[in-house]
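Counted the way the numbering used here counts, the sequence shown spans residues 3 to 492. Note that the Cβ used here is the ideal one computed from N, Cα and C, for glycine as well. For reference, the structure is listed below as structure tokens.
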Amino acid sequence: MTIQLHGVPLHPTQFSVLGDAFQTRVVPQALPAPYWVCRNASLARELGLSDEWMRSHEVLETLTGSHVPVGLQPTASVYSGHQFGQWAGQLGDGRALSLGALENGVELQLKGTGRTPYSRGGDGRAVLRSSIREFLCSEAMHGLGIATTRALCVTGSDAPIYRETLESAAVVTRTSPSFIRFGHFEHFSHNNMHAELKQLADFVIDNFYSECRDSANYAGNPYAALLDAVSQRTAKMVAKWQAVGFCHGVMNTDNMSILGLTLDYGPFQFLDAFNPAHICNHTDSLGRYAYNKQPNVAYWNLFCLGQALLPLIEDQELALAALEPYKTAFPAALMTQMRKKLGFADPEKAFEGDRQLVETIQNLLAQDKVDYTLFWRNLSHVAAGKPVDSVRDMFIDRAAFDAWMLQYSELLRQQIRRPQPNLMLKINPKYVLRNYLGEQAIAKAKLKDFSEVETLLKLVQAPFDEHPDSERYAGLPPDWAADIEISCSS
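Pasting the structure below:
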């Protein structure tokens, strides 16, 4: 059934056709006196939504869960998963509801609209702080060219929500072609619901991986082909995370998208001083999701997905073979990204010494705690002809940097090409969503001043541009930034 939301057709999601075993209809719990916090005009235009639609009070109330148009049937889906390496059993959309899909098939999902059957004792709410972080970071990742869900807006209410302290409520409207997670497959496999598992896998293949249906690989087994395709998408996504210095923080299997999208922004962080072992989630006491462990965790999660698909693949060796491409796809994708960062015109082409060049500079960055984003941006300008001192002065061990710079220059000479500064400036961002910038924007937003959120949105949507009037957002973080602690609480 198609309904109209302020003149815009809203259809049932494709996922909704799977039936009641996959989701539950839920009526959102109203929040009093909702207001707009921030709106993503750029995404709205891409989705064909007018400025007037994005200002509508009816839309505001609907996206806050305070108004349900006649005929609209929001749903929460069920899934399970591994959290911090341990089987957590049934999970599900504990505070998220899918409203429906736009004409182009993009789903609208509300996060923070109250309890669902999967809330596991929680209140089903989200707070202003975490909603702003997710809104900004999903757009920051999109601006960096990294596959991600996106956020259309954040709406707020003065309704009190208790976390570590008393905070105010908010709802973030997320968009994606699908929000299906590895955990959806784990749920039906673990519960021996193999008919539903097959139904889900067929749905994903038919709607998002049609090439797997006709693949001659894996003896024509479409489910093994699906595992291969997901592994390769995940490898490319995580390679881009590592190249830009992004830490996810909670890489549980229920936070992994079957489409290879960055999903669920909780205690994320873009690295400041380069530390390969950095942990951005202060509740991750064992460092399972440290920055340098993310590639291996992604493979571990894919292995769990492979186990979940095994009843359909029906051959353990075939399933293991379908996971194998990750082991080559990830390092290849990462080195391609690093060659781009170094300015080589043929980044897909490996050459002798390139891996050592990358490893050496990463060791120096870590040894001297050099700011990751500033180093790469400054190196881009050096390649464009600026004095090398702007990079050299970032290092304590300048002799070691000089030796690396000599090696870099020699490799460039051997390739008979100069670095491509224009390419470097399009891969090495000037602006990333540093935690301290987010904290400053949140502090103002709590006083209902959303100007910093708007400023950051503009910067992260065009992170490679100079924005000369915004230089202060591109500098070193203040000393107090090192003390910021982010947890899973939201």
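Where DSSP assigns a beta bridge to G102, which residues make up the other side? Numbered from its first residue, the sequence shown carries residue 102 at position 100. Answer is L110, bridged to G102.
Just to confirm my understanding: we take H196, look at its own chain, exclude 5 residues before and 5 after, and list those with CB closer than 6 Å. What are they? Translated into positions along the sequence shown, residue 196 becomes position 194. The answer, listed in chain order, is P313.
Going by beta carbon distance, what residues of the same chain come within less than 8 Å of I148, once the five residues before and after it are set aside? The residue given as residue 148 occupies position 146 in the sequence shown. These residues qualify, in order along the chain: M239, K242, W243, V246, F248, T264.
Taking V129 as the reference, which of R117, G123, A161, S170 has the closest Cα? Here the question's residue 129 lines up with position 127 in the sequence shown. Looking at the Cα atoms, S170 is the closest of the given residues.
Just reading off the beta strand (DSSP E) that E169 is part of, what are its end residues? On the sequence shown, residue 169 is found 167 positions in, with the first residue counted as 1. Note, E169: beta strand (DSSP E), 168-178.
Applying the 10 Å Cβ sphere with the 16-neighbour rule, what's the burial state of P431? On the sequence shown, residue 431 is found 429 positions in, with the first residue counted as 1. So P431 counts as buried.
In the DSSP assignment, the beta strand (DSSP E) including G387 goes from what residue to what residue? On the sequence shown, position 385 is the one that residue 387 refers to. Neither: G387 is in no beta strand (DSSP E) and is coded neither H nor E.
Between Y211 and the rest of its own chain, which residues show a CB-CB distance below 6 Å, the 5 nearest in sequence each way excluded? In the sequence shown, counting from the first residue as 1, residue 211 sits at position 209. Within the same chain, Y211 has close Cβ partners L228, A231.
Y328 to Q463, Cα distance in whole Å? For this step, residue 328 is matched to residue 326 along the sequence shown. For this step, residue 463 is matched to residue 461 along the sequence shown. Roughly 30 Å between the two C-alpha positions.
Assign I398 to one of two classes, buried (16 or more other C-beta atoms within 10 Å of its C-beta) or exposed (fewer than that). Looking up residue 398 in the sequence shown gives position 396. Exposed, since its Cβ has fewer than 16 Cβ neighbours within 10 Å.
When you measure from the CB of A43 to every non-hydrogen atom of the ligand GTP, does any distance come out below 8 Å? Within the structure as shown, the ligand GTP is missing, as the structure has no ligands at all.
Between the Cα of Q75 and those of D481, N380, T64, spot the shortest distance and give me the residue it belongs to. Along the sequence shown, one-based indexing puts residue 75 at 73. Looking at the Cα atoms, T64 is the closest of the given residues.
Exposure label - D274; buried when at least 16 CB within 10 Å: To locate residue 274, count along the sequence shown from 1; it is residue 272. So D274 ends up on the buried side.
Are I182 and L261 closer than 9 Å when you measure CB to CB? Position 180 of the sequence shown, counted from the start, is the residue given in the question as residue 182. Position 259 of the sequence shown, counted from the start, is the residue given in the question as residue 261. The answer is yes: Cβ separation under 9 Å.
Start and end of the beta strand (DSSP E) containing G158? Walking along the sequence shown from the start, residue 158 turns up at place 156. Per DSSP, G158 belongs to the beta strand (DSSP E) from 152-164.
Is the number of C-beta pairs between the stretch 28-39 and the stretch 149-169 that are closer than 8 Å three or more? Short answer: they touch.
Inter-residue spacing [alpha-carbon to alpha-carbon] between P224 and N303: The residue given as residue 224 occupies position 222 in the sequence shown. The residue given as residue 303 occupies position 301 in the sequence shown. If you draw a straight line from the Cα of P224 to the Cα of N303, it is about 20 Å long.
Got a sec? Which residues, its chain only, sit under 6 Å from G308 by beta carbon, not counting five neighbours each side? Working through the sequence shown from its first residue, we reach residue 308 at position 306. Taken in chain order, the residues that qualify are L229, A321, L325.
Roughly how many whole angstroms lie between the Cα atoms of W378 and D485? As a working mapping, residue 378 is identified with position 376 in the sequence shown. As a working mapping, residue 485 is identified with position 483 in the sequence shown. In this structure, the straight-line span from the alpha carbon of W378 to that of D485 is close to 24 Å.
L74 in three-state terms, based on DSSP: The residue labelled residue 74 in the question sits at position 72 within the sequence shown. It is coil, neither helix nor strand.
Curious, which full-length beta strand (DSSP E) runs of at least 3 residues does the stretch 295-328 contain? Within the stretch 295-328, there are no complete beta strand (DSSP E) runs of at least 3 residues.
Own chain partners of L427 with C-beta closer than 7 Å, once the 5 adjacent residues on each side are dropped: Position 425 of the sequence shown, counting from 1, holds the residue named residue 427. Closer than 7 Å at Cβ, skipping near neighbours: S382, F466.
Can you tell me whether S287 is buried or exposed, with buried defined as 16 or more other CB within 10 angstroms of its CB? Position 285 of the sequence shown, counting from 1, holds the residue named residue 287. The residue in question, S287, is exposed, as its Cβ has fewer than 16 Cβ neighbours within 10 Å.
Within a Cβ cutoff of 7 Å, which residues of the same chain sit near E350, ignoring the five residues on either side of it in sequence? In the sequence shown, counting from the first residue as 1, residue 350 sits at position 348. Around E350: T338.
For A142, which residues in the same chain have their Cβ closer than 6 Å to its Cβ, ignoring the five residues on either side in sequence? Stepping through the sequence shown from its first residue, residue 142 is reached at position 140. Excluding positions up to five away in sequence, the list reads L435, V462.
Taking all protein chains shown into account, do 16 or more other C-beta atoms lie within 10 angstroms of the C-beta of T151, making it buried, or fewer, making it exposed? Against the sequence shown, residue 151 aligns to sequence position 149. With 16 or more other Cβ atoms within 10 Å, it is buried.
Excluding sequence positions up to five away, which residues of its chain have a Cβ less than 6 Å from the Cβ of K446? The count along the sequence shown starts at 1 and reaches residue 446 at position 444. In the same chain as K446, and ignoring 5 residues on each side of it, the C-beta atoms closer than 6 Å to its own belong to E454, in chain order.
Residues in its own chain within less than 8 Å of Q442 by CB, not counting five upstream and five downstream? Residue 442 sits at position 440 when you count from the first residue of the sequence shown. Cβ within range, chain order: E454.
The stretch 470-478 touching the stretch 157-166, judged by at least three CB pairs closer than 8 Å: no
Given S52, which residues of its chain have a CB within under 7 Å of its CB, disregarding the five upstream and five downstream residues? To locate residue 52, count along the sequence shown from 1; it is residue 50. Cβ neighbours of S52 beyond the five flanking positions: none.
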